[in-house]
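Here my numbering is used: the first residue of the sequence shown is 13, the next is one more, and so on. Positions of the beta carbon are idealized from the N, C-alpha and C atoms, including for glycine. Structure, as structure tokens:
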Amino acid sequence: MRSGKVEEQAVTEESAEKILEMLHLHYLRTRSPETAASRLYRKSTKARHICFDYLGAPLKIDPEEFIESFEHVKLDTVLQYVAFPNIRVHPAPDYPYALDKSTEDGNGRCDMMLFFQWLKDKGVKRILKVIVDDSNTPAHSDEAIEKALQGFDVEILDWRKVDLCPETIWTSNRKLRKVHLQWSGNNAVLRGWSEPEGLRRLEDLTKVYLHVKQPVPLSIRPRIIVKRSDEDGQNRRLLTMTFAASEMKQEHILQPHRWLNCMDEFKDVFQNVWSWSMKQKLQQQEALMQPVEIALIDDGVDVLQSRLRGKISDGKSFDYGDKGANRIRSHWISERGHGTVMAKNIVRICPMAKIYVIKLETHFDHKEQKARIGTRSAAEAIDAAVDRKVQIISMSWTIKQPDSNSEEKEKFDSAVRRAVKAGILLFCSAADKGLHQDNDYPAASNPTKMFKIGAAKPNGNVWDWVPNIRHLDFIIPGYEVAENASLDNDSSQHFQPQTGSSVATALGAGLATLVICCVQLASIHTQMSRQKGHPDAPSSLTLDDLRHVKNHENMKAALRTIGTSPDSDI
């Protein structure tokens, strides 16, 4: 009997890359977006998004605005899934994304070609699951679907076009493992899918999910499925009956506010000077030219809003949706519009700010008719902001203080301690409970190192629902604050009127950013003068002053200097 020997082979760069690719795919196929992202990238600063979820986005967009707004997004070469709503591109793109004019005969749309070409341009090669809502009339043409998916390795196709042509499915990708089909109830269509030249050609296909669009008697459903699947007894495919759930979005509207007019005027003048200064070349002073980055921890931000274009540096989401859904609610979608409003308030005060969006896990409490924030996701969000090395964190929300000695409390407190140690300025909201005691988080986690902000009315007095003013650092406009309509043309997106300390907090974080930018601009001016050989003036500010103003106590002193009195708003 001959004993076998295992032949040793040298590990090559090619074999190592192959193993890495297999592990990468394994995590994306078998783990939730949350787990997969943490395993693949952990806390790496080079982390890339493993999903692109655009559900909930505006239903009509300009192609150039989309590309510009998502320029900051870095995608993995393999995506766990992509999801797009029934969206219209206008004006229709007149470059490689569009169909040839000769094929545009009115029989279908080609909007999705823009998005899938964009994914290719971002370096995406494989998409494990494709979700496209194509339920409206007219739907995409078969040729547009084929061209959109061409070049991608797709494993699960959920293109929600009713009675999707089997030839289109075959042409678009021949390595599909699962397919979702929207069925009108027409038996001829079902037969086409079941024919030898239909879905059976897909050798890797293991499951077909049938979503019925028209009522079919329960007694007929199983018989139809079995008959069409087992007609010739060969290459059987199991069709599993499922029903698609509709996704509803609420619209909200904002109202205008007059108090911010003077700040709008100052900001416009300052921004012009800032833009000119940023074009200057300073010798050995790169630190002076770095933008101020503020982490906005909220329910996401609609990055397509015109006033936010170019203001978003990147983002991260800790909202993984319903349990078992294996989806991620992306940071570029705002669940209730709240985060978008906060972002606009920040850049309204300081358009030079760069916003790093961190999306919290939120659930709607139907009993109390309000959104609830996951404490764990809040702690993780603060940690992510620290890892990003932002200068300011804005938290326009409150949560109930976790139980003493609980794991949630320790994680949250630990995250706040990390942020304080890193020298990050922390802005958070009062709880707006009226005269009731306010010991909510984040403020109660570290009261002496948080800027706790309350809402003020247009007359400068504190809003009635703000707790004891003695426990606040500042009150800032937060009653019926709305966007400046002259600065925003996003008429298609409406949000609920915003009143409360959450609005004031965003404005306060924006004001702190503006203060830093003012010191930064003065320091740039000093350096420019030095390069020309001019002596420093007595009032000159330098890079050291820029570092000092980012200190909590120094910023508090600066904001108090701007304020009018302890009992009125800034």
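Close Cβ partners of residue i (< 8 Å) along its chain, the five nearest in sequence each way excluded
i: GLU535; result: The sequence shown places Ser at residue 535, not Glu. Closer than 8 Å at Cβ, skipping near neighbours: LEU300, LEU553, THR554, LEU555, ASP557 and LEU558.
i: TYR66; result: VAL94, ALA95, PHE96, PRO97, ILE99, PHE127, SER342, TRP344 and ILE345
i: GLN449; result: PRO479
i: VAL304; result: CYS362, MET364, ALA365, LYS366, GLN403, ILE404, THR525, ILE528, CYS529 and GLN532
i: ASN563; result: GLY435
i: GLY120; result: PRO150, ALA151, HIS152, SER153, ASP154, GLU155 and ALA156
i: VAL174; result: SER147, ALA151, GLN194, TRP195, SER196 and LYS225
i: ASP165; result: LYS137, ARG138, ILE139, ASN185 and LYS187
Alpha helix (DSSP H) segment containing residue i, residue limits
i: PHE128; result: 124-133
i: MET567; result: 564-574
i: MET540; result: 513-543
i: ALA390; result: 387-400
i: VAL432; result: 419-433
i: ALA355; result: 350-361
i: ILE481; result: Run containing ILE481: none; DSSP gives neither H nor E here.
i: ILE31; result: 25-42
i: GLU46; result: 45-53
i: LEU202; result: 199-206
i: ILE181; result: 178-184
i: ALA156; result: 154-161
Supposed contact pair residue j and residue i - C-beta distance, whole angstroms, cut 8 Å
i: GLU39; j: ARG54; result: Contrary to the premise, residue 39 reads as Tyr rather than Glu in this sequence. At roughly 12 Å, the Cβ-Cβ gap does not stay under 8 Å, so TYR39 and ARG54 are not in contact.
i: MET125; j: LYS159; result: 6 Å
i: ALA431; j: VAL398; result: 5 Å
i: ARG321; j: GLU80; result: 6 Å
i: LEU169; j: LEU91; result: Their Cβ separation, rounded to whole angstroms, is 14 Å, which puts LEU169 and LEU91 out of contact at 8 Å.
Rounded separation between residue i and residue j - CA only
i: VAL4; j: GLY545; result: For the chain, the structure presents residues 13 to 582; residue 4 sits outside this window and is missing.
i: SER389; j: ASP331; result: 8 Å
i: LEU87; j: ILE306; result: 22 Å
i: VAL85; j: ARG400; result: 15 Å
i: TRP195; j: PRO414; result: 48 Å
i: LEU214; j: LYS412; result: 53 Å
i: LEU533; j: THR460; result: 29 Å
i: MET34; j: ALA28; result: 10 Å
i: ARG319; j: THR218; result: 47 Å
i: MET567; j: ILE488; result: 15 Å
i: PRO45; j: PHE64; result: 11 Å
i: THR511; j: PHE376; result: 19 Å
i: GLY520; j: ASP476; result: 19 Å
i: MET290; j: ASN451; result: 43 Å
i: VAL142; j: LEU161; result: 9 Å
i: ILE31; j: ARG186; result: 24 Å
i: PRO70; j: PHE78; result: 11 Å
i: GLN292; j: GLN302; result: 13 Å
i: ALA442; j: ARG138; result: 46 Å
i: TRP171; j: LYS190; result: 12 Å
i: THR374; j: ASP145; result: 24 Å
i: SER541; j: ALA549; result: 10 Å
i: ASN501; j: ASN148; result: Low local confidence applies: a pLDDT of 49 at ASN501 is under 50, so the model's placement there is unreliable, and no value is given.
i: SER514; j: GLY490; result: 7 Å
i: HIS560; j: GLU298; result: 17 Å
i: ASP334; j: THR387; result: 16 Å
i: ARG203; j: ASP216; result: 20 Å
i: GLY2; j: MET275; result: In the structure as shown, the chain begins at 13 and stops at 582. Residue 2 is therefore absent and cannot be evaluated.
i: ILE324; j: VAL369; result: 7 Å
i: HIS36; j: ILE62; result: 11 Å
Proximal residues to residue i (C-beta, below 7 Å), its chain only, five neighbours per side dropped
i: ALA455; result: CYS440, MET462 and LYS464
i: THR352; result: VAL313, ASP314, GLN317, SER346 and PHE507
i: ALA518; result: MET354, ASN357, ILE358, SER406 and SER408
i: LYS421; result: PRO414 and ASP415
i: GLU419; result: none
i: ARG43; result: ARG51
i: LYS132; result: GLY163
Other residues of its chain near residue i: CB distance less than 6 Å, five sequence neighbours each side excluded
i: ASP154; result: CYS177 and THR180
i: ASP485; result: PHE463 and LYS464
Delimiting residues of the beta strand (DSSP E) encompassing residue i
i: HIS84; result: HIS84 -> no beta strand (DSSP E), and no H or E assigned at all.
i: HIS192; result: 190-195
i: PRO489; result: 486-489
i: TYR221; result: 219-224
Notebook entry, point to check: Any chance the stretch 413-431 sits against the stretch 391-402, with 3 or more Cβ pairs inside 8 Å?
Noted result: yes
Check: When the Cβ atoms of the stretch 200-211 are set against those of the stretch 178-191, are three or more pairs found closer than 8 Å?
Finding: yes
Note to self: Under 8 Å: do the stretch 401-420 and the stretch 469-486 share three or more Cβ pairs, one atom per stretch?
What the structure shows: no
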